[in-house]
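Novice:
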Amino acid sequence: MRTPESLKTRRPPVDHIVRTRDLYSSLGHEPYRWVRSETPPPWTEVEKPLRDCRVGLVASGGVYRAGQIAFHHRDDVSLRVIDTSVPAAELRTSHFAYDQTDARIDPNVVFPVDTLRALAAEGVIGELSPRAYTFMGGIYSARRARETLAPEISRRLAADQVDLALLVPV
Amino acid sequence: MGLIARRVEADGIPTLSMTSAFSITRSVNPPRATFLDYPLGHTTGKPLEAGLQAEIVAAGLAAFEELDTPGAVKMLPYRWSEDDEWKREVMLSGDARTDRSAEPVYQRDADRRLAEDAGACPTCVFL
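Heads up: the protein sequence lines correspond to chains A and B, in order. Residue numbering for the first sequence follows the numbering used here, beginning at 156 and increasing consecutively. Residue numbering for the second sequence follows the numbering used here, beginning at 90 and increasing consecutively.
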């Protein structure tokens, strides 16, 4: 008898906080302190239909373009500005904390630039902003992320006059 | 990334965080999120499956029009494989971290040469 689809093993989402803590502890690294927000998130209303919106892309998978300086792995808080007309074949990744095998086969799995161009062509979104911003997540210093990186990205998205920001962590 | 989301949203631009790390997203609590239950490194789909990637990202973007509660997370229906065996092995051993120095780590040696020949990098923003 075939096993009904509903009875196949389903597991809850992986708890990355617990697993990172356990892994770092087993390796003798200092614990990674995940940010815990004590206040409710801010909120800005979406004012236009998606099909009329300019969408900005921000990704933290350590994506850079051939010709740019790659990320380093000691709390790098720098940004790369990537022209969204970039051919995917010129995209690379540099990150210490995830398996980059598939991202190096097809960067769209962490940096959906072809995907968003296609969705713009189909009219699902109005347009893709001409510039995307990338950095390397896993920054130890929440203070530097909050006080240095976040305002810089916010300022640039505003200058690009995006209506919405799509954020793709890894 | 959740900290970035909160800042950008507070400055007046609606954000959507597409995440595959549910516990981390709950902890940092960004304004709007979608959850895709895939292994890390596949936040917007499987490699070389452009149709699936477009479906996933479109389902994510639709959350801009669907979510109206700060902190809400839309669960996307896609599964990585028929069963969830992949979850057993996640981050249980090994150390993917390379030497923690401030030297750039290139995917390819050719990238290093290109970057060094180019000299200054006008599209690199050092903060």
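Backbone N, C-alpha and C fix where the C-beta goes; we use that ideal spot for every residue, glycine too.
1. For a contact meaning CB atoms closer than 8 Å, what does residue 198/B contact in chain A?
2. Name the DSSP bridge partner or partners of residue 165/B?
3. Which same chain residues, not among the five before or five after residue 322/A, have their C-beta less than 6 Å away from its C-beta?
4. Closest by CA to residue 97/B, which one among 310/A, 231/A, 276/A and 315/A?
5. What is the rounded straight-line gap between the Cα of residue 159/B and the Cα of residue 125/B?
6. Tell me which same chain residues have a C-beta within less than 6 Å of the C-beta of residue 140/B, skipping the five on either side of it?
7. Spatial neighbours of residue 299/A within its chain, please: CB distance less than 6 Å, with the 5 preceding and 5 following residues excluded, ordered by chain position.
8. Starting from the Cα of residue 129/B, find the closest Cα among 241/A, 251/A and 208/A and give me that residue.
9. Expressed to the nearest angstrom, what Euclidean distance is found between the alpha-carbon atoms of residue 220/A and residue 245/A?
10. Taking DSSP as the reference, what is the three-state secondary structure of residue 223/A?
11. Got a sec: is the Cβ-Cβ distance from residue 163/B to anything in chain A below 8 Å?
12. Could you tell me how far apart the beta carbons of residue 317/A and residue 216/A are, in whole angstroms, since I believe they sit closer than 8 Å?
13. Using DSSP with H/G/I as helix, E/B as strand and the rest coil, what is residue 124/B?
14. Could you check which residue in 268/A, 234/A and 258/A has the C-alpha nearest to that of residue 240/A?
15. Contact between the region 284-294 of chain A and the region 154-173 of chain B is defined here as three or more beta-carbon pairs at a separation below 8 Å; is this criterion met?
16. In whole angstroms, what separates the C-alpha of residue 289/A from that of residue 205/B?
17. Using only alpha-carbon positions, find the residue among 191/B, 176/B and 213/B that is nearest to residue 168/A.
18. Tell me whether the beta-carbon of residue 92/B lies closer than 8 Å to the beta-carbon of residue 305/A.
19. Check the Cβ of residue 188/A against every Cβ in chain B and list those closer than 9 Å, keeping chain order.
Specialist: So, from the data block:
1. Going along chain A, no residue has its Cβ under 8 Å from residue 198/B, so there is no contact; the nearest lies around 11 Å.
2. Answer is none; residue 165/B lacks a bridge partner.
3. 213
4. 310/A
5. 19 Å
6. none
7. 232
8. 251/A
9. 6 Å
10. strand
11. no
12. About 20 Å separates the two Cβ atoms, so there is no contact after all.
13. strand
14. 268/A
15. no
16. 20 Å
17. 176/B
18. yes
19. By Cβ distance, chain B contributes nothing, its closest Cβ being about 10 Å from residue 188/A, past 9 Å.
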